[in-house]
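K.L.:
Just so you know, the sequence shown maps onto residues 7 to 133 in this note's numbering.
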Amino acid sequence: MTKNYETVFILTPVLSEVQMKDAVEKFKKVLQESIGAEIIHEENWGLRKLAYPIQHKSNGFYYLIEFKADPLKVSTLEIEYRRDEKIIRFLTTVLDKYAIDYNERRRKGLVGRKKEQKEVSTTEKEN
Numbered sequence: 007m008t009k010n011y012e013t014v015f016i017l018t019p020v021l022s023e024v025q026m027k028d029a030v031e032k033f034k035k036v037l038q039e040s041i042g043a044e045i046i047h048e049e050n051w052g053l054r055k056l057a058y059p060i061q062h063k064s065n066g067f068y069y070l071i072e073f074k075a076d077p078l079k080v081s082t083l084e085i086e087y088r089r090d091e092k093i094i095r096f097l098t099t100v101l102d103k104y105a106i107d108y109n110e111r112r113r114k115g116l117v118g119r120k121k122e123q124k125e126v127s128t129t130e131k132e133n
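#1: What three-state label does DSSP hand V20 in the structure shown?
#2: Does V20 pass the burial test, meaning 16 or more other C-beta atoms within 10 Å, or should it be called exposed?
#3: State yes or no: is the C-beta of T99 within less than 8 Å of the C-beta of V80?
#4: Report the three-state DSSP secondary structure of K92 (helix, strand or coil).
#5: Could you name each continuous beta strand (DSSP E) segment of 3 residues or more that falls completely within the stretch 25-81, going from the start of the chain to the end?
#6: From the DSSP secondary-structure annotation, give me the bridge partner or partners of T99.
#7: What separation, rounded to the nearest whole angstrom, lies between the Cα atoms of F15 and K63?
#8: Whose C-alpha, out of K114, M7 and E23, is nearest the C-alpha of G52?
Structure follows, in structure tokens:
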């Protein structure tokens, strides 16, 4: 039985753009070939400031991958994260049905839009 997962990892900021993309491709390859996971969605959040210094670094490249995989094989991905010195931090979580629904709506652009639409409609009514 497969479950939906979401993993976010932070790469060291000293990497070039090419090195960062190579590291991401390496972990995508681990997901698809070693684990047999199906990648649903991925996002490059770019270079961001960390909340607190990690390994004397205050910035990092953030990357998110949402995937479906066998629960017994996810530890293989986390072992690869631990082995790679380019990774500062990582977090892999299982998504419940509400998180899956939320992520689908977020990808379609439906999250955070209702408030904006209400504001637009109230200003149109006032005019």
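Cβ atoms here follow ideal geometry from the backbone N, Cα and C, with glycine treated the same way.
P.N.:
Put simply:
#1: As a first step, residue 20 is located in the sequence shown; it is residue number 14 there, counting from the start. Correct three-state label for V20: coil.
#2: For the purposes of this step, residue 20 is taken as the residue at position 14 of the sequence shown. Exposed, since its Cβ has fewer than 16 Cβ neighbours within 10 Å.
#3: Residue numbering aside, residue 99 sits at position 93 when the sequence shown is read from its first letter. Residue numbering aside, residue 80 sits at position 74 when the sequence shown is read from its first letter. The answer is no: Cβ separation not under 8 Å.
#4: Against the sequence shown, residue 92 aligns to sequence position 86. Judged by DSSP in its simplified three-state form, K92 adopts coil rather than helix or strand.
#5: Listed in chain order, the complete beta strand (DSSP E) runs (minimum 3 residues) inside the stretch 25-81 are 44-60 and 63-75.
#6: Here residue 99 corresponds to residue number 93 of the sequence shown, with the count starting at 1. The partner list for T99 (beta bridge, DSSP) reads E12.
#7: As a working note, residue 15 is residue 9 in the sequence shown. As a working note, residue 63 is residue 57 in the sequence shown. Cα to Cα, the separation comes out at about 15 Å.
#8: In the sequence shown, residue 52 corresponds to position 46, counting from 1. With distances taken between Cα atoms, G52 lies closest to E23.
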